[in-house]
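Report on one structure; see the data block that follows.
Number of protein chains: 2
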Amino acid sequence: MDAATRIESTLADAVLLAEASGAPPRLAAAMRHAVFPKGARIRPRLSIAVAMACGDDRPRLSSAAAASIELLHCASLVHDDMPCFDDADTRRGRASVHRAFGEPLAVLAGDALIVLAFQTVARAAPCAPERLGPVIGAIGDGVGVPFGIVAGQAWECEPEVNLSDYQRQKTGALFAAATVAGAAAAGAPDPEAWRMLGDRLGEAYQVADDLRDAVEDEATIGKPVGRDKALGRPSAVAEFGLDGAVRRLATLAEAAVAAIPACPGQGRLRALILEETRRLLPAKLATA
Amino acid sequence: MDAATRIESTLADAVLLAEASGAPPRLAAAMRHAVFPKGARIRPRLSIAVAMACGDDRPRLSSAAAASIELLHCASLVHDDMPCFDDADTRRGRASVHRAFGEPLAVLAGDALIVLAFQTVARAAPCAPERLGPVIGAIGDGVGVPFGIVAGQAWECEPEVNLSDYQRQKTGALFAAATVAGAAAAGAPDPEAWRMLGDRLGEAYQVADDLRDAVEDEATIGKPVGRDKALGRPSAVAEFGLDGAVRRLATLAEAAVAAIPACPGQGRLRALILEETRRLLPAKLATA
Numbered sequence: 001m002d003a004a005t006r007i008e009s010t011l012a013d014a015v016l017l018a019e020a021s022g023a024p025p026r027l028a029a030a031m032r033h034a035v036f037p038k039g040a041r042i043r044p045r046l047s048i049a050v051a052m053a054c055g056d057d058r059p060r061l062s063s064a065a066a067a068s069i070e071l072l073h074c075a076s077l078v079h080d081d082m083p084c085f086d087d088a089d090t091r092r093g094r095a096s097v098h099r100a101f102g103e104p105l106a107v108l109a110g111d112a113l114i115v116l117a118f119q120t121v122a123r124a125a126p127c128a129p130e131r132l133g134p135v136i137g138a139i140g141d142g143v144g145v146p147f148g149i150v151a152g153q154a155w156e157c158e159p160e161v162n163l164s165d166y167q168r169q170k171t172g173a174l175f176a177a178a179t180v181a182g183a184a185a186a187g188a189p190d191p192e193a194w195r196m197l198g199d200r201l202g203e204a205y206q207v208a209d210d211l212r213d214a215v216e217d218e219a220t221i222g223k224p225v226g227r228d229k230a231l232g233r234p235s236a237v238a239e240f241g242l243d244g245a246v247r248r249l250a251t252l253a254e255a256a257v258a259a260i261p262a263c264p265g266q267g268r269l270r271a272l273i274l275e276e277t278r279r280l281l282p283a284k285l286a287t288a
Numbered sequence: 001m002d003a004a005t006r007i008e009s010t011l012a013d014a015v016l017l018a019e020a021s022g023a024p025p026r027l028a029a030a031m032r033h034a035v036f037p038k039g040a041r042i043r044p045r046l047s048i049a050v051a052m053a054c055g056d057d058r059p060r061l062s063s064a065a066a067a068s069i070e071l072l073h074c075a076s077l078v079h080d081d082m083p084c085f086d087d088a089d090t091r092r093g094r095a096s097v098h099r100a101f102g103e104p105l106a107v108l109a110g111d112a113l114i115v116l117a118f119q120t121v122a123r124a125a126p127c128a129p130e131r132l133g134p135v136i137g138a139i140g141d142g143v144g145v146p147f148g149i150v151a152g153q154a155w156e157c158e159p160e161v162n163l164s165d166y167q168r169q170k171t172g173a174l175f176a177a178a179t180v181a182g183a184a185a186a187g188a189p190d191p192e193a194w195r196m197l198g199d200r201l202g203e204a205y206q207v208a209d210d211l212r213d214a215v216e217d218e219a220t221i222g223k224p225v226g227r228d229k230a231l232g233r234p235s236a237v238a239e240f241g242l243d244g245a246v247r248r249l250a251t252l253a254e255a256a257v258a259a260i261p262a263c264p265g266q267g268r269l270r271a272l273i274l275e276e277t278r279r280l281l282p283a284k285l286a287t288a
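Chains as they are written, first to last, in full-length UniProt numbering: chain A, 1 to 288; chain B, 1 to 288.
Right, here's the structure in full:
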């Protein structure tokens, strides 16, 4: 089974849990709306790529870890789109969850997706119980306090913000969780050695996201654009200018490839990362 | 160390994680506000009481499981108090989190507390790695989909509600998680056998909460009262009347005691449960 099929199939099984008879059907519908149809699935694909580079001897657990990362990403999108944050009406080209289901169900669908992430990993753990702690540790670090994506988002509520801390936590942390959890799920001897790869890729992805917000239109990326400038938010484009941000993206992509630890599938993973990071640059800027 | 000290000390260590240098300080403050000063801690005390009745040979893990249950309870209070649900200005006798820190940090503090619950259990797991899956499974069932407290809260967004499903999920589920996770943390042979005790206690607690909402004043219980009636919410008082609800509470307390499985500390646990359930009846009704 290829990585994309593993991810979609594990996510489908996870979301199915919400649709049991006797459970509130609108909550399940809101969760499904948040997870399907799919986005780029860039984080879970990264997680599975790392697991495969490390031998991937427990594919059920690595698929669950990857799905868990994506569920947490979807949860963060649901909450970040709410009126008290980005107030975004659209996401992935259609109504955001609070626009489609109301604010109460947006809060609860996000909460339930966070819990579902941990349920999903725990349910896959009987194949390798001793790896569950490290996998959950990696995922928890990427999402929670002190330096996960929730902490990153919370910097928007602070009077003073360091751009690098903000972006590393808001985006990089979940990429690092994807690489570390992928390695831990595959039983790699030192999962923490994979953190640097995730950090660099996360930073690259954040710069690319800032570039998209600055140069793309809503129809192309399926969500409102120009939000960073409109809301006065910190962004790489605001800090380095458009050209500076493009150069920073290239530097970070090289640093990511250089950060891949020695492992059985190192060559193949390098090629994959190079290909993925090339795709991050908005088409308008690549052809300019 | 007594149960109360174990709970407070484990919660204090957990919340300290949010206060690391380089993390957003207002998020940490909002989380601390949600967890301290303490409420009744009825769920974590139940969890530890069950662990002790089962031998409690890994107290670090059972303390973490108990703290995790309380963190999830606090998270649910933070989100349920928000304007899109109960719109409660006070909680535990002072400002609710969104009143003290704003809506964005209320959303994020709740999210971070959910994640912290799982981080806390995972960090305690090295002493008994094979128990982590069952403990997280029990906790996830109590909070998430299909039948946990988030699902319970989501019934408030459905056009038709069954009172028994609603209350079992909204309140009973976390009590059941407290008993099952306590048993699993202590290595009990069949943790699921402890679910019935939690279910019954949760239902008793929900009936007691409905009674308090109907007969107490805000100064006594530290949060707004009369909300069920004002918001037209399902409640045991609305369904059975005041006397009927009092009788139902007594029946449920007896059923809880009868549901305690055979275990080394059965006698002591029975006495404790009897004492706790007696305290649930609002003083006004007990003296009437």
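Even glycine gets a Cβ: it sits at the ideal position worked out from N, Cα and C.
Between which two residues does the alpha helix (DSSP H) containing B:Gln266 stretch? 266–280
Identify every residue that forms a DSSP beta bridge with B:Arg94. B:Arg91
Note the first and the last residue of the continuous alpha helix (DSSP H) segment covering B:Met196. B:Met196 -> alpha helix (DSSP H) spans 195–215.
Does any C-beta atom of chain B lie closer than 9 Å to the C-beta of A:Glu130? yes
Looking only at its own chain, which residues have a Cβ that is under 7 Å from the Cβ of B:Arg43, when we skip the five neighbours before and after it? Ile69, Glu70, His73, Leu174, Phe175, Ala178
Chain A contacts made by the segment 189–207 of chain B, where a contact means CB separation under 9 Å: So nothing in the stretch comes that close.
DSSP three-state call for A:Cys157: helix, strand or coil? A:Cys157: helix per DSSP, three-state reduction.
Is the number of C-beta pairs between the segment 112–119 of chain B and the segment 110–121 of chain A that are closer than 8 Å three or more? yes
Any C-beta of chain A under 9 Å from that of B:Cys84: yes
Rounded C-beta distance between B:Gly110 and B:His79? I'm assuming under 8 Å. Yes, B:Gly110 and B:His79 are in contact; Cβ-Cβ is about 4 Å, under 8 Å.
9 Å Cβ cutoff, A:Asp111 in contact with chain B: yes
Residues of chain A with a CB under 9 Å from the CB of B:Arg26: which are they? Ala154, Cys157, Glu158, Pro159
Can you round the beta-carbon distance between B:Arg45 and B:Gly222 to whole angstroms, since I take them to be within the 8 Å contact cut? About 19 Å; that fails the 8 Å criterion.
Which residue from A:Leu163, A:Val145, A:Gly202 puts its Cα closest to that of B:Glu19? A:Val145
Mind pulling the chain B residues with CB within less than 8 Å of A:Phe147? Chain-order list of chain B residues neighbouring A:Phe147: Ala20, Gly22, Ala23, by C-beta distance under 8 Å.
For B:Cys54, does the three-state DSSP call read helix, strand or coil? coil
Could you compute how far the alpha carbon of A:Pro259 sits from the alpha carbon of A:Leu77? For the sequence presented, residue 259 of chain A should be read as Ala rather than Pro. Whole-angstrom Cα-Cα distance: 28 Å.
Tell me which residues of the segment 35–49 of chain B have at least one Cβ-Cβ distance to chain A shorter than 9 Å, keeping chain order. none
Nearest-angstrom Cα separation, counted from B:Ala88 out to B:Ala100: 12 Å
Report yes or no: is there a C-beta of chain B within less than 9 Å of the C-beta of A:Ala75? yes
Compare the C-alpha of A:Pro37 against each of A:Arg26, A:Arg278, A:Ser9 and name the closest. A:Ser9
Is the distance from the Cβ of A:Met1 to the Cβ of A:Ala186 below 9 Å? no
Relative to the C-alpha of A:Ser62, which residue among A:Lys284, A:Asp213, A:Gly226, A:Ala122 is closest? A:Ala122
If we cut at 9 Å on Cβ distances, does B:Ala288 have a partner in chain A? Note that B:Ala288 has pLDDT 49, beneath the 50 cutoff, so the model's placement of it is unreliable and the number below is only indicative. No, no contact with chain A.
Contacts of A:Phe118 in chain B (Cβ-Cβ under 7 Å): Phe118, Ile136, Gly140
Contact list for A:Gly187 against chain B, beta-carbon separation under 7 Å: Here the premise fails: no neighbours, minimum Cβ distance about 13 Å.
Reference B:Ala250, options B:Leu242, B:Arg268, B:Ala204, closest by Cα: B:Ala204
Expressed to the nearest angstrom, what Euclidean distance is found between the alpha-carbon atoms of A:Ser21 and B:Glu254? If I take the Cα positions, the gap works out to 29 Å.
9 Å Cβ cutoff met for B:Gly148 and B:Gln169: Yes, they are a contact pair.
Given this structure, state the Cα-to-Cα distance separating B:Ala288 from B:Leu272, to the nearest angstrom. In this predicted model, B:Ala288 has a pLDDT of only 49, less than 50, meaning its place in the structure is not dependable enough to derive any value.
Against A:Glu103, what residues of chain B qualify as contacts under a CB-to-CB distance less than 8 Å, listed in chain order? Those within 8 Å of A:Glu103 in chain B are Cys84.
Are any of the Cβ atoms in chain A nearer than 9 Å to that of B:Met31? Yes, B:Met31 lies at the interface with chain A (some Cβ there is under 9 Å from its Cβ).
Burial state of A:Thr171, where buried means 16 or more other Cβ atoms lie within 10 Å: buried
CA nearest to the CA of A:Glu276, picked from A:Lys284, A:Val257, A:Pro264, A:Gly265: A:Val257
Output yes or no for whether 9 Å exceeds the beta carbon distance between A:Ala154 and B:Leu27. Yes.
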